[in-house]
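K.L.:
Let me begin by handing over the structure; questions about it come next.
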Amino acid sequence: MTAEQLQQCKDKLLQLQKEHQALDKEFEAAGDTVMLDQTSVGRLSRMDAMQGQQMALEATRRREMYAEKIEGGLRRIDMEQFGNCFYCEEEIPFARLEADPTHTRCVKCAESESIDYGSQ
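Written out as structure tokens, the structure is:
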């Protein structure tokens, strides 16, 4: 990977990090206690509110996991270990990293892992 390509990946990771931090501010209240709308009475209203809260919490978990992947990519760049597959240690094609710089596996290893999961 060239220095220019590496910088492109770093810039994209930093942009993703910035976007995620902005989203975090918007969703801080997702885990707050469910408040029942007093104009709507009944068990279904409360269940709808609780379901909405659980969906928001799951979205927050997924965002946190992706934020960790972004941080990992930035750490690998700083440690000069970015762009190599975690399993086979071959270089991950730039096109794959350009699409999503958080990838840690080459296509071959990612496909073989998904096949392994499918057989369990």
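Numbering-wise, the sequence shown is residues 9 to 128 according to our numbering. Beta carbons are placed, not taken as given, at the ideal position from N, Cα and C, and that holds for glycine.
Enumerate in chain order the residues of its own chain whose CB-to-CB distance from K20 is below 6 Å, with the five nearest sequence positions on each side excluded.
P.N.:
Taken in chain order, the residues that qualify are P109.
K.L.:
On the three-state DSSP scale, how would you describe E99?
P.N.:
The answer is strand: DSSP assigns E99 an E or B state.
K.L.:
Hey, how far is the Cα of V115 from the Cα of G91?
P.N.:
If I take the Cα positions, the gap works out to 12 Å.
K.L.:
So, is S127 buried or exposed, given that buried needs 16 or more other C-beta atoms within 10 angstroms?
P.N.:
Reliability fails at S127, whose pLDDT of 47 lies under 50, so the model's placement of it is uncertain and the value that follows must be treated cautiously. Burial call: exposed.
K.L.:
Less than 9 Å between the beta carbons of Q25 and I78, yes or no?
P.N.:
In contact: Q25 and I78 (Cβ atoms closer than 9 Å).
K.L.:
In angstroms, rounded to a whole number, what distance separates the CA positions of R54 and A103?
P.N.:
Taking the straight line joining both Cα atoms gives about 47 Å.
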